[in-house]
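> Before I ask anything, here is the structure I am working with.
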Amino acid sequence: MNKIRLNIDGYTIEAEEGQNLLQAALDAGIYIPHLCYHPDLTPQGGCKLCTVEVEGEGTVQSCETIVTEGMRVKTKTEKVKHRRAVALELMLASHPKDCTSCDKYLNCELQALMQYMGVAHSRLREIDKENTRIAPSDQLIKREMYRCIQCGRCVRACQELRGIGALQYNKKDGETYIGTKDDVPLSETDCRFCGACVEVCPTGAIQDVKGIFSKDSPRNLALVPCKDKCPAHTDIPMYVRLAQQGRYSDAVSVFREKLTFPHSLGFVCTHTCESGCKRNHVNEAVSIRELKRFSVEHDKEESWKKRAFHNPSTGKKAAVIGGGAAGMTAAYYLAKKGHSVTVFERQPMAGGMLSYGIPKYRLPQDIVNQELETLVAAGIQLVPDTKITSADEVLKKGFDAVLVAVGAQKGKRPPAYSGTWKNTLDAVDFCRLANEEKLPDLGDTITVYGGGNVAFDCARTAKMKGVSTVRVVCLEPRDKMLADKEEVTCALEEGIEILNSKSMLGLEEAVLDAGEEKTGAGMGAITGQNAGAGQAAVTGLRLVNVLSFRFGEKGLELETEAGSETVLKTDTLVFATGQQPDLTEDFGIDLHRGSFVKINDALGTGKEGIFAAGDAVTGTKSVVEAIESGRRAAMSIDRFLGGDGNIEEILYDREKQNPKIGTIENFAGLKRAEQLCGKCDATGEALRCLQCDLRLDIQKVKYWVDAHYKQVKEAAE
Amino acid sequence: MSGMGNTNEVGAANRAGKMSCDVTGSCLPELPKTPQEIERFCAINFARKLMDTARRESCGKCVLCREGTWQSFEIIHDITEGKGQNDDFELLTELLEQIGSDGGCEMSVKAASLCLGLLRNYQEEWDLHIRRKRCANLICKASYTVHIAPELCDGCGKCIGVCPDHAILGGGNLIHVIQGDRCSKCMLCAEVCPKGAVKKAGAVKPKVPAEPIPVGSFSGAGGSSEEGPSMRRRRRGE
Ligand code: SF4
Ligand code: SF4
Ligand code: SF4
Ligand code: SF4
Ligand code: FES
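Quick mapping for you: the protein sequence lines, in order, are chains L and A.
Position 543 of the first sequence, counted from 1, bears residue number 543 in my numbering, the numbering being contiguous throughout.
Offset between the second sequence (1-based) and my numbering: plus 1000.
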């Protein structure tokens, strides 16, 4: 691009040939007010605020004037200041006077310009426009068109950037206003809810509906809520887009950058991304999890493998205790960073909850095994069937660092029920036994006490095993249950009873002779409890209705309904009331809240070289949170071992996105596909994405107070 | 009419073009040409119509065209209503000059220069309107009241039928009377009156009966419209 020299206000500056005068001045650090101009849009020359004087030409709009060699420009003469002031006064004549009631207050280009030019509502007649009140807001876009100054940025953004044209200049009764064709809500137009109009609007006329974006996240995350809500911040819009184009291998590369068990996650992820998805507000979230699974299953090339980094050996040794999602993830990245990694797993198979917690009907073991193999192939030494009882012991074996990622493998019951009965089980054991095909006889009735996802895993497994009466009893009312909605729905469909708002007052028990014993044979033995003939068995639960509950200082505080006590008979009782790590003080690290590991910000345990991650620290969380925790542990440990702690990798090179997304018939109405049965389904589902990330590519307009305008960047002599 | 308008048409053509707008000046009202038209002409009223047309035709993209013509219209409208303010003439001149020089399109520039011509060539008229709230030709509504000349009315009742405001009282063989507080001065009654009895009155109000009385019985005494609303307004205005 050829450079051109011109003189503005006495400064000689350099501009690009063909550039407009306004942008050239702004680039050089010379502020000229502007409102209808936006760097990504074709200049429209409508607001007249960028008026300047060009020698030999008089006053011109700088946004519409192309720079020429030797041009002499004045931007601050009394004449142009006056012209600009009048233009602004004219705009304000029909603009609301009170800014404080506007959600754009203090973040408004118009307000900033009023400040810069010292113009307020003035000597002009106030003008009341009728049609600016026609503006149905949508679930995502709030329109207060009486704040619109008709700069037309939104119209151009929708047309030029997106190729859509949902917004236009309308005319009714001799009044022009910005609106949709026939004044219908945006959801009835071709609008794709990309947010470009919101992004460019300099006033409070078009805004995001409040509450869609998190206030705590940085802007580039907050604006893409799926990515924001994903614990690993996976680049979701990018892989959804690639999946839409049928580029499954590239899609896999994108989430491989952040995730170690993508295929398993495709089955069981709690998909917090979907709860955040902006499309929820249009109709339903994009089926992000399904698209992930579909992409993995249709990735023929596995192109990510060629790109994945693997550093040369550092000669350092790291041990990971526990081969679950957190432990294996940490081990994988540590191995890639060149450390020699050994994983000690107490069970015969690694995978932790993926192998021993999540029922097989939800996640087939083959898939877990395959993913484990992929990780092990990065150079992990996996030692199964080995229970470690002391961290120090491991350090003594010559490891430079140890990660405790033992998970939360022990059931946690309300204190009153810590006794042993021959027919009670903890959910974590129940699930493990089920996956090992070692469940004892459960009888005809089983009661699961607890209302989380694990409770439903137990209940649904029992139902599948043929137990005729399966009940879930929990404290929460139906609409406040901790389990995912889908789980609850499926359970009900399968004939599982759910008793909500109940608390247990106590158990009914009986000592049965060996001959009478119906169930629970050997249950104690399996769970490590001392059981045998003549030991007490639970026969029923005494329940009471709960009116309200809260977790106060003294723990659970209940308000119960007097006289509502009932007894529920059962053959087997499963406690799904929480899990904790199977750790004691003997392990050699600080514990708190029972048996959870206490850590600092760097995931250190306070003991040199010993780190902790995953459920052992946090209590049962989702698989993706365990993965994220494992990644952070790897960074910390790598730094401890002398590395840079950087495990980020680009497995797919981002191309510049085409912002012109164009129109799609009935876009707002497109329904969510819960299951993707073929390529066609996947493409259709991915097409529903609003591509929230595109908005980040739109340039931000700098206010006049910006540091950029503090000093003029003059051309070198 | 010489010297009115078309002073700046060349400038208009030069300026137009950059804006992406296809509104042309041809939609604007024409200045009067025939002597009859000129006789019934009020520059201020015409200016109002001119700027009203301009603001309605504006494509809306340029602030001077969209808001400038609208603001000018509001000011002129106030003036025609007798609500002009002392510095309105200067304010209008300033606005119109800016529209004329920076307005992006042929239409707004043409409207502004026509209007500026009216300001320059009819300064006294503007002054009369703004300061004395009067319109010499009784064109601007605020400047006149409408009445039925009692000596001309033959009681035919045609006017009652057309009055959209039901402002006319009368009946068979009665002199019809317009109730000033209801009349919107649309002058439809004047168009149908075969006798040409419907008249405008400016500052000086002729005597008319307060209520319909038999045709031929009007003496000119009593029952004047002294207490009519227009008189009250005039007093306050002065
Ligand atoms: S849009 Fe801007 S200037 Fe207008 S009321 Fe809102 S904050 Fe104030
Ligand atoms: S498509 Fe995008 S720019 Fe156009 S109206 Fe919808 S959200 Fe705004
Ligand atoms: S809605 Fe915003 S961007 Fe669109 S014309 Fe109005 S002020 Fe400009
Ligand atoms: S619409 Fe697409 S980019 Fe936006 S939150 Fe949902 S999945 Fe993410
Ligand atoms: S920024 Fe140039 S006219 Fe609006």
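We put the CB at the ideal spot given by N, CA and C, even for glycine.
Model, not experiment: these values are computed from the prediction.
(1) Nearest to residue 73 of chain L by CA position, among L/276, L/61, L/564, is which residue?
(2) Taking Cβ positions only, does residue 47 of chain L come closer than 8 Å to chain A?
(3) Report yes if the C-beta of residue 368 of chain L is less than 7 Å from at least one heavy atom of ligand 4; otherwise report no.
(4) According to DSSP, is residue 237 of chain L part of a helix, a strand, or is it coil?
(5) By Cβ distance, which residues of its chain are closer than 7 Å to residue 258 of chain L, with the 5 residues on each side in sequence left out?
(6) Could you tell me which chain L residues have their CB closer than 9 Å to the CB of residue 1074 of chain A, listed as they occur along the chain?
(7) Is residue 200 of chain L close to ligand 3? I mean its beta-carbon at under 7 Å from any heavy atom of the ligand.
(8) For residue 278 of chain L, which option in L/410, L/156, L/212 has the closest C-alpha, if you only look at C-alpha atoms?
(9) With distance defined between alpha-carbon atoms, name the residue in L/623, L/162, L/360, L/448 nearest to residue 568 of chain L.
(10) According to the neighbour-count rule (16 or more other Cβ atoms, all chains shown, within 10 Å of its Cβ), is residue 1108 of chain A buried or exposed?
(11) Reducing DSSP to helix, strand and coil, say where residue 638 of chain L ends up.
(12) Please report the distance separating the alpha-carbon of residue 600 of chain L from that of residue 332 of chain L.
(13) Hey, would you say residue 421 of chain L sits closer than 8 Å to residue 536 of chain L, going by beta carbons?
(14) Which residues does DSSP list as the beta-bridge partners of residue 208 of chain L?
(15) What alpha helix (DSSP H) runs, 4 residues minimum, are completely inside the region 94-174 of chain L?
(16) According to the Cβ coordinates, are residue 93 of chain L and residue 703 of chain L closer than 8 Å?
(17) Say the cut is 7 Å; is the CB of residue 499 of chain L nearer than that to a heavy atom of ligand 2?
(18) Can you name the residues of chain A whose CB is closer than 9 Å to the CB of residue 169 of chain L?
(19) Using DSSP with H/G/I as helix, E/B as strand and the rest coil, what is residue 484 of chain L?
(20) Hey, could you find the ends of the beta strand (DSSP E) residue 333 of chain L is sitting in?
(21) Check whether the Cβ of residue 1081 of chain A lies closer than 8 Å to any Cβ atom in chain L.
(22) Return yes when the C-beta of residue 133 of chain L is under 7 Å from any heavy atom of ligand 1, and no when it is not.
(23) Can you find a CB in chain L that lies within less than 8 Å of the CB of residue 1179 of chain A?
(24) With C-beta atoms as the reference, is residue 177 of chain L less than 8 Å away from residue 145 of chain L?
(25) Around the Cβ of residue 1217 of chain A, are there at least 16 other Cβ atoms within 10 angstroms (buried) or fewer (exposed)?
(26) With a threshold of 8 Å between beta carbons, is residue 1037 of chain A in contact with chain L?
(27) With respect to 7 Å, is the separation between the Cβ of residue 63 of chain L and the closest non-hydrogen atom of ligand 5 below this value?
(28) What residues in its chain sit with their C-beta under 7 Å from that of residue 539 of chain L, if we drop five residues either side in the sequence?
(29) Taking 8 Å as the threshold (beta carbon to beta carbon), is residue 1066 of chain A in contact with chain L?
(30) Is the Cβ of residue 1108 of chain A closer than 8 Å to any Cβ of chain L?
(31) Output needed for residue 76 of chain L: all residues of its chain with C-beta closer than 8 Å, excluding positions within five of it in sequence on either side, in chain order.
(32) What three-state label does DSSP hand residue 646 of chain L in the structure shown?
(33) Identify every residue that forms a DSSP beta bridge with residue 504 of chain L.
(34) Between residue 174 of chain L and chain A, is there a C-beta pair that is closer than 8 Å?
(35) Could you tell me whether any non-hydrogen atom of ligand 2 is closer than 7 Å to the CB of residue 141 of chain L?
(36) Would you call the CB atoms of residue 647 of chain L and residue 401 of chain L closer than 8 Å?
This is what the structure holds:
(1) Residue L/61 is the option with its Cα nearest to residue 73 of chain L.
(2) For residue 47 of chain L, the nearest CB of chain A lies under 8 Å from its own CB, placing it at the interface with that chain.
(3) Answer for residue 368 of chain L: no, Cβ out of range of ligand 4.
(4) Residue 237 of chain L: helix per DSSP, three-state reduction.
(5) Apart from the 5 residues on each side of it in sequence, residue 258 of chain L sits with its Cβ closer than 7 Å to the Cβ of 232, 233, 234 in its chain, given in chain order.
(6) Those are 93, 124, 125, 126, 127, listed as they occur along chain L.
(7) Within the cutoff, so yes.
(8) Closest option to residue 278 of chain L, Cα to Cα, is L/212.
(9) The shortest C-alpha separation from residue 568 of chain L is found at L/448.
(10) Answer is buried; the Cβ neighbour count reaches 16.
(11) Three-state DSSP puts residue 638 of chain L in a helix.
(12) For residue 600 of chain L and residue 332 of chain L, the distance between alpha carbons rounds to 22 Å.
(13) In this structure, residue 421 of chain L sits near residue 536 of chain L, with a CB-CB distance shorter than 8 Å.
(14) DSSP lists L/141 as the beta-bridge partner residues of residue 208 of chain L.
(15) Listed in chain order, they are 109-117, 153-156.
(16) No, these two residues do not count as a Cβ contact at 8 Å.
(17) A distance criterion of 7 Å places the beta-carbon of residue 499 of chain L beyond contact range of ligand 2, judged by its closest non-hydrogen atom.
(18) The contacting residues are 1059, 1060, 1061.
(19) Correct three-state label for residue 484 of chain L: coil.
(20) Not the beta strand (DSSP E): residue 333 of chain L falls in the alpha helix (DSSP H), residues 325-336.
(21) No, residue 1081 of chain A lies away from the interface with chain L (no Cβ there is under 8 Å from its Cβ).
(22) For ligand 1, not one heavy atom lies less than 7 Å from the Cβ of residue 133 of chain L.
(23) So no, residue 1179 of chain A is outside the interface.
(24) Cβ atoms of residue 177 of chain L and residue 145 of chain L: closer than 8 Å.
(25) Under this definition residue 1217 of chain A is an exposed residue.
(26) By this cut-off, residue 1037 of chain A is not an interface position.
(27) Placement of the Cβ of residue 63 of chain L at a distance of less than 7 Å from at least one heavy atom of ligand 5 is found.
(28) Only 508, 509, 510, 569 meet the Cβ criterion.
(29) Yes, residue 1066 of chain A lies at the interface with chain L (some Cβ there is under 8 Å from its Cβ).
(30) False, the Cβ-Cβ gap to chain L never drops below 8 Å.
(31) Contacts found: 9.
(32) The answer is coil: DSSP assigns residue 646 of chain L none of H, G, I, E or B.
(33) Partner(s): L/543.
(34) Among the residues facing chain A, residue 174 of chain L is included, as its CB has a counterpart in that chain under 8 Å away.
(35) Yes, Cβ of residue 141 of chain L sits closer than 7 Å to a heavy atom of ligand 2.
(36) When the beta-carbon positions are compared, residue 647 of chain L and residue 401 of chain L stay at least 8 Å from each other.
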